[in-house]
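Colleague:
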Amino acid sequence: MNIGTRKILDRSFTAVGIGSIIVMAVALMIVVVPIITNGIGAVFFTGTVEHRKMLFSEFKRGDSEGLSSEVASSERYRAKVYEMLTGFEAELETMAPEKKAEYKSKYAQVRAALQALLGPLPGDSAPMLTRFKYGQTRWEKAEEKLHDFLYESKWDNSNPDVMSKEYFVSRAISFQGTSLVKLFPYVKNNLEYMLLPEFTVYWGFITDSSVDSHFFGGIWPEIQGTFFLAVGAMLFAFPLGVVAAVYFTEYARPGFLNSMLRSANSTLAGVPSIVFGMFGLAFFINTMKVSESKSVIAGALTLAIMILPTIIRAAEEAILAVPKTYREASLSLGSTKWNTIATVILPAALPGILTGGVISLGRAAGETAPIIFTAAVSVGSAIGLADVFSSPTPALSWNIYNLASEHEAASQIRHVQYGMVLALVSIVLMLNLSAIVLRARISKKLKG
Amino acid sequence: MAEESLGESNRTNAFVLSARKRTMQKVIKTAGEGMLFAAASFVAVIVLFIFYFVARDAVPFFQIRGFSEFFTSSNWYPADDPAQFGSLAIIYGSLMVTLGSALIAVPMGVAAAICLSDILPFSIRQYAKPIIEMLAAIPSVAFGFFALVILAPLLQNNGGPMLMWAWWILVSPFMILAVIVISDLLTTKITDQKRRQQLHIFFLILFGLLSVFLLFKVGTILYGIQILTGTNALNVSIILSFMALPTIVSVSEDALQAVGREIREGSYALGATRAETIIKTVLPAASSGILAAVILGIMRALGETMVVWMASGNSSQIPEPWFNYLQAIRTLTATIAGDMGEADQVTGSARFHVLFAMGLLLLVISFISNLVSERIVVRQRKILSGQ
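Top to bottom, those sequences are chains A and Z.
Basically our numbering = 1-based index in the first sequence + 1297.
Basically our numbering = 1-based index in the second sequence + 1.
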């Protein structure tokens, strides 16, 4: 090969290596940025008067006077809508039977769209579910619903070779010639006065419990559940892991037994997370009966087993990184081996051990598969500390799955899902970042 | 241990302890060591327990239904009467996403590891490592959410154009490179300088046009593809590859670092470029360690639950044709996660036990590959240290 080609190959080899790192960074950005930007929307958004109504009646928050004046001003604009509706209902009665039947079904759709936008209309029976008690609480959702109200969605299946396409037909056209036709431009032009959007900061998203399976309210039960599970797992795994690491580094003699124990450790690290869940179900719940069915304690134990190998490895590395001179100095002063470990080596290794612990804590908080069968429920309120031995808990990781894939109106509550993902990701990344910073400080200190 | 015996003899000389106290000390010491050993062997006990308890609930399935249906049929109708538990399609789905993610993650991961260990200066490496750690730290359910809510609709609505752009961006640099290298290789044998240059240019133009044609042809074919569902094997493979990447990068970086400086310097001294040094000397020396990294990374993809559960479509059938990554599939982990809730109430039925059979399968595969990768790493360390 001639030297020019060799040089090009060398350069492009470098480019491929750097390129793959850049791809990784970009992938991280692509995953994290939409989660952050959309997740922030769960707390900071343009809220409507319905949001304030909801806060007042569900959580007793906000001042009643300001709210009632707001409601009064929005009702002034809504009154005209109601008027038009009753007017059309009267008109409907006077129509010819076949025309009446046609308009009736269309009118029902219009009414449903309006209910979704503004909440229950006069004449409706009181709704059973809280989600139907209020109109749209978020302005961007209200704009979506306004589109649903103005246009009817239809599917074009005329060409069987390509996928059917959605297209929109204005509802106003189908009501041409009736009194209702005026309703559409009126709602479009006055929606702002009917819903009174204003910038809202809803910190309650973090501290409130959910109302009507996450349609309204916050995610506190999930955050608390994640906290209980992760901290519970650490309570079991951390002391055990550190003690095991002390054994491996200070006492273990090379031999068959030792290599087997180490093999067991790496095997445990490689077990798929879902298998931990099955084991937790089969062992902790069905055999040991630590609880009747799913419970926080069973989930925490399962998670503890899962993070144990990570903790052992991190602690081992931290202990091995303690300079040999520390040990020798302590022994030469006449202290026993155990004394040396407890008073010299462990304190010196503590930051490193903590780093491993913090990373494991993040892993325990983020993991879903082990708690599916052992601890997680999809709906529930925050549990007290006394209930951890008997009752299951909602947890961020599980509820993200549940809201995104199993919730009956998953696409309606995207903002809650994003908010939850952001909460989980930021908890985990914060823990990891602090571990990274901690480690950087240690390596600086050890360098001297 | 030398230090310990020294310390002990010093102590006995310095302070004379009563016999009772000495025995007490000995008892405490043995008891303490015993407790440490117990804590360390706890992990081994747990591993045995996991095997025992998963196998205990898996064996009844094979007793009731035998082996052949599970491994050879792809009729998965656990809720029907009579129920069918053919898991071939599910096992195939697991293998498919694992292979798909390996195809993306292995080249990228190894390239990134080489870059980290041999190419980047230390100051930049410091910033690159946290990126990889963050990627490893993001919870799987967040990746799954991303795959389901953001990537799947993108693939479904703009799948063709996205595939085309991916093809162009990823393949065209390598095409250009291949054209240059091939035309160079074809002309090296010719001694006449002038003829050689003419031929070289001729080959460059010929292969260049050919590759441009190929790029556009395949690009237009990809552009025309309609992806019927965004939750498919491709989506999952992409996401899983990003989850497997950190493992592959960090373990193979360790393997590359373990290859000594002397080997590299010897190669440079013989006049090799950096790329040649890495490809011809460093990579072969580190190959077993990289293999171990690949195995560990692949295991991460095979054992991953949430992403495949949320974004693979969960339809238990072998795609038509078998390499079609654009169809929905179902994997072992997702089946366990999804069906346990329904099977739970009838503990003791085949439907409950079949899930444990799947779990056992996963467990055995992960155990074997772990052992293999561990052996490989030990062997490499021996070879590199002792020769």
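Glycine included, C-beta positions come from ideal geometry on N, C-alpha and C.
Computed from a prediction, not measured in an experiment: that's the story for all the values here.
How would you label W77 (chain Z), buried or exposed, when you count the other beta carbons within 10 angstroms and need 16 or more for buried?
Modeller: As a working note, residue 77 (chain Z) is residue 76 in the second sequence. Buried.
Colleague: Short of 6 Å in beta carbon distance, which residues of its chain neighbour A1611 (chain A), apart from the five on each side in sequence? Order them along the chain.
Modeller: In the first sequence, the residue the question calls residue 1611 (chain A) occupies position 314. Excluding residues within five positions, the ones whose Cβ falls inside 6 Å are G1653.
Colleague: Could you pull out every residue in the same chain whose Cβ sits closer than 8 Å to the Cβ of E1463 (chain A), ignoring the five residues on either side in sequence?
Modeller: Indexing the first sequence from 1 puts residue 1463 (chain A) at position 166. Closer than 8 Å at Cβ, skipping near neighbours: S1450, K1451, W1452, D1453.
Colleague: With a floor of 3 residues, list each beta strand (DSSP E) that falls wholly inside the stretch 1487-1572 of chain A, ordered by position along the chain.
Modeller: Here the runs fully enclosed are 1495-1498.
Colleague: Just verifying my parser: in three-state terms, what is the DSSP assignment at Y1623 (chain A)?
Modeller: Along the first sequence, read from residue 1 onward, the residue named residue 1623 (chain A) stands at position 326. The answer is helix: DSSP assigns Y1623 (chain A) an H, G or I state.
Colleague: Can you give, in chain order, each stretch of the alpha helix (DSSP H) that sits fully within the stretch 1312-1370 of chain A and has at least 4 residues?
Modeller: As far as the stretch 1312-1370 of chain A is concerned, its whole alpha helix (DSSP H) runs of at least 4 residues are 1346-1356.
Colleague: Taking all protein chains shown into account, decide if V378 (chain Z) is buried (16 or more other Cβ within 10 angstroms of its Cβ) or exposed.
Modeller: Counted from its first residue, the second sequence places residue 378 (chain Z) at position 377. Burial call: buried.
Colleague: List the residues of chain Z whose Cβ lies closer than 7 Å to the Cβ of M1727 (chain A), in chain order.
Modeller: Here residue 1727 (chain A) is taken as the residue at index 430 of the first sequence, counted from 1. Correct list: empty, because the minimum Cβ distance to chain Z is about 10 Å.
Colleague: Out of Z:T99, Z:S173, Z:D340, Z:M341, which has the shortest C-alpha to C-alpha gap to K218 (chain Z)?
Modeller: By 1-based counting over the second sequence, the position of residue 218 (chain Z) is 217. Checking every option, the nearest Cα to that of K218 (chain Z) belongs to Z:S173.
Colleague: What separation, rounded to the nearest whole angstrom, lies between the Cα atoms of M1326 (chain A) and L1554 (chain A)?
Modeller: Position 29 of the first sequence, counted from the first residue, corresponds to residue 1326 (chain A). Position 257 of the first sequence, counted from the first residue, corresponds to residue 1554 (chain A). M1326 (chain A) and L1554 (chain A): Cα-Cα distance of roughly 45 Å.
Colleague: Determine the direct distance from the alpha carbon of M135 (chain Z) to that of R1660 (chain A), and round the result to whole angstroms.
Modeller: For this step, residue 1660 (chain A) is matched to residue 363 along the first sequence. For this step, residue 135 (chain Z) is matched to residue 134 along the second sequence. Using only the alpha carbons, I get a separation of about 12 Å.
Colleague: So which residues of chain A does A276 (chain Z) contact, with C-beta pairs closer than 7 Å?
Modeller: Position 275 of the second sequence, counted from the first residue, corresponds to residue 276 (chain Z). The answer, in chain order, is L1306, D1307, F1310.
Colleague: Who are the Cβ neighbours of L1426 (chain A) in its own chain at under 7 Å, not counting the five residues just before and after it?
Modeller: The residue you call residue 1426 (chain A) lines up with position 129 of the first sequence. D1509, listed in sequence order.
Colleague: Identify, in the order they occur along the chain, each residue of the same chain with its Cβ nearer than 6 Å to the Cβ of L1480 (chain A), setting aside the five sequence neighbours on each side.
Modeller: Translated into the one-based positions of the first sequence, residue 1480 (chain A) becomes position 183. For L1480 (chain A), where only same-chain residues beyond five positions count, the Cβ hits under 6 Å are M1381.
Colleague: Evaluate S1556 (chain A) with the Cβ neighbour count: other Cβ atoms within 10 Å of its Cβ, from every protein chain shown; 16 or more gives buried, anything less gives exposed.
Modeller: The count along the first sequence starts at 1 and reaches residue 1556 (chain A) at position 259. So S1556 (chain A) ends up on the exposed side.
Colleague: Closer than 9 Å by beta-carbon distance: list the chain A residues that pair up with T306 (chain Z), in chain order.
Modeller: By 1-based counting over the second sequence, the position of residue 306 (chain Z) is 305. Correct list: P1569, S1570, I1571, G1574, T1665, A1666, I1669.
Colleague: Would you list the residues sitting across from I330 (chain Z) in a DSSP beta bridge?
Modeller: Walking along the second sequence from the start, residue 330 (chain Z) turns up at place 329. Note: I330 (chain Z) sits in a beta bridge opposite Z:G314.
Colleague: Cβ of L1693 (chain A) within 8 Å of Cβ of I1520 (chain A)?
Modeller: Sequence index remark: in the first sequence, residue 1693 (chain A) carries index 396 (1-based). Sequence index remark: in the first sequence, residue 1520 (chain A) carries index 223 (1-based). Yes.
Colleague: Does D185 (chain Z) come within less than 8 Å of chain A when only Cβ atoms are used?
Modeller: What you label residue 185 (chain Z) is simply residue 184 of the second sequence in a count that begins at 1. Yes, its Cβ sits closer than 8 Å to a Cβ of chain A.
Colleague: Quick one: Cα of S69 (chain Z) to Cα of M300 (chain Z), how far?
Modeller: Position 68 of the second sequence, counting from 1, holds the residue named residue 69 (chain Z). Position 299 of the second sequence, counting from 1, holds the residue named residue 300 (chain Z). About 25 Å.
Colleague: Along the stretch 140-161 of chain Z, where does the CB come closer than 8 Å to a CB of chain A? Name the residues.
Modeller: Of all residues in the stretch 140-161 of chain Z, P140, S141, V142, A143, F144, G145, F146, F147, L149, V150, I151 have a Cβ within less than 8 Å of some Cβ in chain A.
Colleague: For the stretch 319-337 of chain Z, which residues have a beta carbon sitting closer than 8 Å to at least one beta carbon of chain A?
Modeller: So the list reads T334, I337, given in the order they occur along the chain.
Colleague: May I ask you to verify whether the stretch 248-264 of chain Z touches the stretch 119-137 of chain Z, counting CB pairs closer than 8 Å and requiring at least 3?
Modeller: As far as the Cβ criterion goes, the stretch 248-264 of chain Z touches the stretch 119-137 of chain Z, which means the pair count is three or higher.
Colleague: Report the start-end ranges of each alpha helix (DSSP H) in the stretch 261-317 of chain Z that is 4 residues or longer and not cut off at the edges.
Modeller: Taking only runs of at least 4 residues, the alpha helix (DSSP H) segments lying wholly in the stretch 261-317 of chain Z are 262-270, 275-278, 284-304, 307-312.
Colleague: Flag A245 (chain Z) as yes if its beta-carbon sits less than 8 Å from any beta-carbon of chain A, otherwise no.
Modeller: Indexing the second sequence from 1 puts residue 245 (chain Z) at position 244. Answer no: the Cβ-Cβ gap between A245 (chain Z) and chain A never drops below 8 Å.
Colleague: Skipping 5 residues on each side, what residues in its chain have a beta carbon closer than 6 Å to that of I384 (chain Z)?
Modeller: Looking up residue 384 (chain Z) in the second sequence gives position 383. Nothing meets the Cβ criterion.
Colleague: Does D81 (chain Z) pass the burial test, meaning 16 or more other C-beta atoms within 10 Å, or should it be called exposed?
Modeller: By 1-based counting over the second sequence, the position of residue 81 (chain Z) is 80. Result: exposed.
Colleague: Excluding sequence positions up to five away, which residues of its chain have a Cβ less than 6 Å from the Cβ of A1615 (chain A)?
Modeller: Reading the first sequence from its first residue, position 318 is the one you call residue 1615 (chain A). Closer than 6 Å at the Cβ level, and outside the excluded window around A1615 (chain A), lie A1646, G1649, I1650.
Colleague: If you check the beta carbons only, do F1686 (chain A) and S1592 (chain A) fall under 8 Å apart?
Modeller: For this step, residue 1686 (chain A) is matched to residue 389 along the first sequence. For this step, residue 1592 (chain A) is matched to residue 295 along the first sequence. Closer than 8 Å, so yes.
Colleague: Looking only at its chain, what residues have a beta carbon closer than 7 Å to the beta carbon of G1336 (chain A), apart from the 5 residues adjacent to it on each side?
Modeller: Here residue 1336 (chain A) refers to the residue found at position 39 when the first sequence is read from its first residue. Around G1336 (chain A): Y1715, G1716, V1718, L1719.
Colleague: Touching or not, the stretch 295-309 of chain Z and the stretch 327-342 of chain Z, by the rule of three or more beta carbon pairs under 8 Å?
Modeller: Segments in contact, yes.
Colleague: Could you tell me the alpha carbon to alpha carbon distance between Y1374 (chain A) and R1428 (chain A), rounded to whole angstroms?
Modeller: For the purposes of this step, residue 1374 (chain A) is taken as the residue at position 77 of the first sequence. For the purposes of this step, residue 1428 (chain A) is taken as the residue at position 131 of the first sequence. Rounded to the nearest angstrom, the two C-alpha atoms are 23 Å apart.
Colleague: Using a Cβ-Cβ cut-off of less than 8 Å, give me the residues of the stretch 251-282 of chain Z that come near chain A, in sequence order.
Modeller: Within the stretch 251-282 of chain Z, the qualifying residues are T274, R275, A276, E277, I279, I280.
Colleague: Is it the case that the Cβ atoms of I105 (chain Z) and S242 (chain Z) are separated by a distance below 8 Å?
Modeller: Looking up residue 105 (chain Z) in the second sequence gives position 104. Looking up residue 242 (chain Z) in the second sequence gives position 241. The answer is yes: Cβ separation under 8 Å.
Colleague: Would you decide whether A1405 (chain A) is buried or exposed? Buried here means 16 or more other CB atoms lie within 10 Å of its CB.
Modeller: Here residue 1405 (chain A) corresponds to residue number 108 of the first sequence, with the count starting at 1. Label assigned to A1405 (chain A): exposed.
Colleague: Which residues in the same chain have their Cβ closer than 7 Å to the Cβ of M165 (chain Z), if we skip the five residues on either side of it in sequence?
Modeller: Here residue 165 (chain Z) refers to the residue found at position 164 when the second sequence is read from its first residue. Counting only Cβ-Cβ distances below 7 Å, and skipping sequence neighbours, we find G220, L223, Y224.
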